[in-house]
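These notes are about the structure you will find just below.
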Amino acid sequence: MATDTLKSPAGTGGSAGPGGLRRLLLDNGALTALIVLVVALSALSGDFLTADNLLNIGVQAAVTAILAFGVTFVIVSAGIDLSVGSVAALSATVLAWSATSEGVPVALAVVLAVATGTACGLVNGLLVSYGRLPPFIATLAMLSVARGLSLVISQGSPIAFPEPVSRLGDTIGGWLPVPVLVMVALGLITAFVLRRTYLGRSMYAIGGNEEAARLSGLRVGKQKIAVYALSGLFAAAAGIVLASRLSSAQPQAAQGYELDAIAAVVIGGASLAGGTGKASGTLIGALILAVLRNGLNLLSVSAFWQQVVIGVVIALAVLLDTARRKAGATPVVAGAGAGAGGGPGRGRGRQAATYLLAAVVATAVVGATSLLHGGPQTAAQQRIGLSLSTLNNPFFVQIRAGAEAEAKRLGVDLTVTDAQNDASQQANQLQNFTSGGLASIVVNPVDSDAAGPAVQAANRAGIPVVGVDRGVSNAKTAALVSSDNVEGGRLGARALAEKLGGEGTIVILQGQAGTSASRERGAGFAEGLKAYPGIRVVARQPADFDRTKGLDVMTNLLQAHPDIDGVFAENDEMALGAARALGSKAGTSVQVVGFDGTPDGLKAVEDGTLYASVAQQPRELGRIAVGNALRAAAGEKVSATVKVPVKVVTGENVAGFGG
Numbered sequence: 001m002a003t004d005t006l007k008s009p010a011g012t013g014g015s016a017g018p019g020g021l022r023r024l025l026l027d028n029g030a031l032t033a034l035i036v037l038v039v040a041l042s043a044l045s046g047d048f049l050t051a052d053n054l055l056n057i058g059v060q061a062a063v064t065a066i067l068a069f070g071v072t073f074v075i076v077s078a079g080i081d082l083s084v085g086s087v088a089a090l091s092a093t094v095l096a097w098s099a100t101s102e103g104v105p106v107a108l109a110v111v112l113a114v115a116t117g118t119a120c121g122l123v124n125g126l127l128v129s130y131g132r133l134p135p136f137i138a139t140l141a142m143l144s145v146a147r148g149l150s151l152v153i154s155q156g157s158p159i160a161f162p163e164p165v166s167r168l169g170d171t172i173g174g175w176l177p178v179p180v181l182v183m184v185a186l187g188l189i190t191a192f193v194l195r196r197t198y199l200g201r202s203m204y205a206i207g208g209n210e211e212a213a214r215l216s217g218l219r220v221g222k223q224k225i226a227v228y229a230l231s232g233l234f235a236a237a238a239g240i241v242l243a244s245r246l247s248s249a250q251p252q253a254a255q256g257y258e259l260d261a262i263a264a265v266v267i268g269g270a271s272l273a274g275g276t277g278k279a280s281g282t283l284i285g286a287l288i289l290a291v292l293r294n295g296l297n298l299l300s301v302s303a304f305w306q307q308v309v310i311g312v313v314i315a316l317a318v319l320l321d322t323a324r325r326k327a328g329a330t331p332v333v334a335g336a337g338a339g340a341g342g343g344p345g346r347g348r349g350r351q352a353a354t355y356l357l358a359a360v361v362a363t364a365v366v367g368a369t370s371l372l373h374g375g376p377q378t379a380a381q382q383r384i385g386l387s388l389s390t391l392n393n394p395f396f397v398q399i400r401a402g403a404e405a406e407a408k409r410l411g412v413d414l415t416v417t418d419a420q421n422d423a424s425q426q427a428n429q430l431q432n433f434t435s436g437g438l439a440s441i442v443v444n445p446v447d448s449d450a451a452g453p454a455v456q457a458a459n460r461a462g463i464p465v466v467g468v469d470r471g472v473s474n475a476k477t478a479a480l481v482s483s484d485n486v487e488g489g490r491l492g493a494r495a496l497a498e499k500l501g502g503e504g505t506i507v508i509l510q511g512q513a514g515t516s517a518s519r520e521r522g523a524g525f526a527e528g529l530k531a532y533p534g535i536r537v538v539a540r541q542p543a544d545f546d547r548t549k550g551l552d553v554m555t556n557l558l559q560a561h562p563d564i565d566g567v568f569a570e571n572d573e574m575a576l577g578a579a580r581a582l583g584s585k586a587g588t589s590v591q592v593v594g595f596d597g598t599p600d601g602l603k604a605v606e607d608g609t610l611y612a613s614v615a616q617q618p619r620e621l622g623r624i625a626v627g628n629a630l631r632a633a634a635g636e637k638v639s640a641t642v643k644v645p646v647k648v649v650t651g652e653n654v655a656g657f658g659g
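Letter by letter, the sequence shown follows residues 1 to 659 of full-length UniProt numbering.
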């Protein structure tokens with residue numbers, strides 16, 4: 001495969017014809033899988049194989065690939081690093097905080113960010129080498145520590161990125177993305193370290209047989225420290241590139257990226273047992289993941305099914321590698337020299353032939369699909385994309401339901417994506433919508449600032465964008481359809497305070513740190529509470545807009561504050577979790593106020609478990625957003641701001657509330 005130099009069984013080396021082609025394809029499993037994906041997606045979507053979309057794929061693969069290059073060092077040496085996503089977020093946060101809040105020169109701030117990532121890697125290496133902790137445990141601990149420090153430094157809010165560094169997220173000449181250049185440069189460095197340095201050879205030796213490496217004179221402990229330090233350094237680089245794309249350092253950025261990085265390395269042919277792996281294979285693995293996500297977006301595959309498909313493809317890619325190995329190919333570590341049937345020159349010649357074959361196939365696909373999809377794309381006039389911050393929340397599920405119902409009524413093809421509360425993933429989805437030539441885009445931003453650069457790209461492409469529930473900063477939107485989160489927070493404060501008679505102690509359950517919805521609702525509640533000096537807030541804790549976390553956090557808070565009088569939760573899910581923790585106290589001795597007006601929340605208000613919910617009418621938000629998007633696409637004038645009224649729903653008026 002593309003990630004190993006292989007010895008073929010006797011009698012197969014240098015063979016020609018169908019058997020030789022089969023061996024060539026089988027021995028390059030990841031590359032074969034990538035070519036098959038490109039061919040299939042090119043045939044299925046006329047928007048896939050365009051220059052703009054291919055560059056989008058490169059940009060979207062860049063952060064995962066850079067993280068994966070660092071993880072390659074670790075996996076080759078038979079380790080694992082689960083901390084790279086959190087280290088990336090911490091490094092970017094340090095850069096933004098030091099340059100903007102502390103006035104540190106930008107160049108020095110970049111050095112501090114890289115030093116932060118490297119230091120995290122050094123700590124991992126020390127814990128593994130001299131603390132004798134399993135790599136899984138050591139890096140899992142660093143995952144939590146780095147994420148926590150990122151939140152502490154940023155106070156849970158995104159920090160604007162310095163302008164000179166933000167240019168890393170731009171393009172050269174208006175078309176060549178800088179993240180792609182950074183990815184290629186770091187890939188070449190990775191290949192050089194693995195193939196041409198003493199440290200690289202040591203990684204393969206340690207991964208192949210650590211005890212034998214030690215007995216042969218290698219200082220295994222020090223080598224491992226260097227390996228994890230390299231992984232931390234690459235994570236810092238990935239964090240800087242990611243923050244540059246978003247024009248802000250997000251404390252919650254890159255969550256789950258460590259799994260993508262490990263998947264890219266394994267898909268690329270490395271073994272988790274150590275001893276094998278190459279930079280080119282890792283790059284191919286990252287491209288496979290990016291191509292999959294991009295293609296599934298363009299094909300309007302359900303956001304939920306996308307996760308299933310990606311998991312299946314990862315499993316199939318690894319199974320293909322297993323089948324290749326069982327077929328008789330024996331992996332040899334990079335730089336070992338010989339290929340099938342000969343010396344170093346012939347091995348390199350076969351590898352060159354492999355990539356030449358891939359280029360020929362890709363060229364043939366370009367020609368075929370350009371003919372297949374060369375006609376006018378009239379259907380694009382009726383295609384709209386909707387990017388939601390998450391679908392793991394009933395409020396946003398209702399926005400989708402309202403949008404889909406309106407799209408069906410109007411005869412519009414609506415593609416819905418789930419950003420899973422990841423600003424960078426949402427940026428990728430918006431780029432895919434833009435390159436897909438949609439008539440218009442509706443976006444519910446994970447973060448208003450982070451969505452700006454991707455919406456700017458849609459602006460340049462002439463695609464109107466409509467914001468729903470939250471606005472977009474530093475970019476043009478045709479309309480913003482929203483409730484007033486700040487006003488809703490004020491109304492929630494007034495409702496709770498008046499129910500308590502202006503006296504008492506309360507706790508606040510906050511949403512996910514760094515999201516604009518949490519900041520705005522919290523700010524409105526704090527402002528509204530100023531009119532009631534007799535109300536005292538005894539605790540504020542985040543529960544991430546999640547019912548289970550609301551239950552756990554409220555249970556813990558009751559240990560320290562058993563006699564509270566009220567709870568304000570920044571959404572209904574957390575309010576319902578808090579009510580569960582309160583048990584019989586909810587609605588009797590403790591008054592709970594939620595936010596959103598979800599069906600479960602309104603049912604709890606009706607039952608008396610919640611005192612009130614600040615209802616936003618999410619179905620109306622989705623319906624109106626799609627209608628405005630279609631009118632904007634047709635060139636009709638739409639209102640810049642469409643406010644859907646919020647309303648405090650209590651037991652007295654819940655029966656007449658339509659939602």
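Backbone N, C-alpha and C fix where the C-beta goes; we use that ideal spot for every residue, glycine too.
Given the structure is predicted, the values throughout are model-derived calculations rather than measurements.
Check	Outcome
Residue interval of the alpha helix (DSSP H) (run including T72)	A51 to V76
Limits of the beta strand (DSSP E) - the one that L418 falls within	According to the sequence shown, residue 418 is Asp rather than Leu. D418 -> beta strand (DSSP E) spans D413 to D418.
Beta-carbon proximity check, L188 vs V241, cutoff 7 Å	no
Residue range of the beta strand (DSSP E) that includes L480	A479 to S482
Pairwise C-alpha distance: R409 and V332	Low confidence applies here, because V332 scores a pLDDT of 44, under 50, leaving its location unreliable and the question unanswered by this model.
Top-ranked residue by Cα proximity to Q426, from F525, I564 and V455	V455
Where L388 sits in the DSSP three-state scheme	strand
Extent of the continuous beta strand (DSSP E) to which residue 684 belongs	There is no way to answer for residue 684, as the model of the chain reaches only from 1 to 659.
Beta strand (DSSP E) segments (min. 3 residues) lying fully within the segment 551–624	566–569, 591–596 and 612–615
Collapsed DSSP secondary structure at A539 in the structure displayed	strand
R219 classed as buried or exposed, judged by whether at least 16 other C-beta atoms fall within 10 angstroms	exposed
Close beta carbons around T378, own chain, < 6 Å, minus the five adjacent residues each side	Below a pLDDT of 50, predicted positions are generally treated as unreliable, and T378, at 42, falls in that range; the measurement from the model is reported next regardless. So the list is empty, once near-sequence residues are dropped.
Neighbourhood of I159 by C-beta distance below 8 Å, restricted to the same chain and skipping five residues each side	T93, A96, W97, T100, S101, S248 and A249
Counterpart residues of P177 in DSSP-defined beta bridges	T171
Whole-angstrom distance between D81 and P135, CA atom to CA atom	7 Å
CA nearest to the CA of V111, picked from A62, A237 and L31	A237
CA-to-CA distance, V593 to G399, given in whole angstroms	Reading off the sequence shown, one finds Ile at residue 399, where the question assumed Gly. Computed Cα separation, rounded: 21 Å.
Supposed contact pair Q60 and Q431 - C-beta distance, whole angstroms, cut 8 Å	7 Å
Under the three-state DSSP convention, the category R383 falls into	strand
T190 classed as buried or exposed, judged by whether at least 16 other C-beta atoms fall within 10 angstroms	buried
R293, buried or exposed, once every other Cβ within 10 Å from all chains shown has been counted against 16	buried
Helix, strand or coil at S269 [DSSP, three-state]	The question names Ser, but residue 269 in the sequence shown is Gly. Coil.
Residues near A543 in its chain [Cβ-Cβ closer than 6 Å; skip 5 each side]	L509, K549, G550, V553 and M574
Residue range of the unbroken alpha helix (DSSP H) whose run includes L44	G29 to L44
Q591 to V567 span [Cα, whole Å]	6 Å
Identity of the residues DSSP links to K224 by a beta bridge	Beta-bridge pairing links K224 to no other residue.
Inter-residue Cα distance where the pair is Y532 and G524	14 Å
Best match in G79, S166, G268 and V466 for proximity to I206 [C-alpha to C-alpha]	G79
Collapsed DSSP secondary structure at T650 in the structure displayed	strand
Residue 664 - containing beta strand (DSSP E), residue span	Past the edges of the chain, shown from 1 to 659, lies residue 664, and the structure says nothing about it.
N- and C-terminal bounds of the alpha helix (DSSP H) containing G467	Not the alpha helix (DSSP H): G467 falls in the beta strand (DSSP E), residues V465 to V468.
Beta-carbon spacing of A235, V104 below 7 Å	no
Supposed close pair E127, L90 - CB separation, criterion 8 Å	What sits at residue 127 in the sequence shown is Leu, not Glu. At roughly 17 Å, the Cβ-Cβ gap does not stay under 8 Å, so L127 and L90 are not in contact.
Same chain, Cβ closer than 6 Å to L233, neighbours up to 5 away in sequence not counted	G117 and T118
Under 7 Å between C-beta atoms of V614 and V644	no
Sheet register partners of S248 (DSSP bridge)	A160
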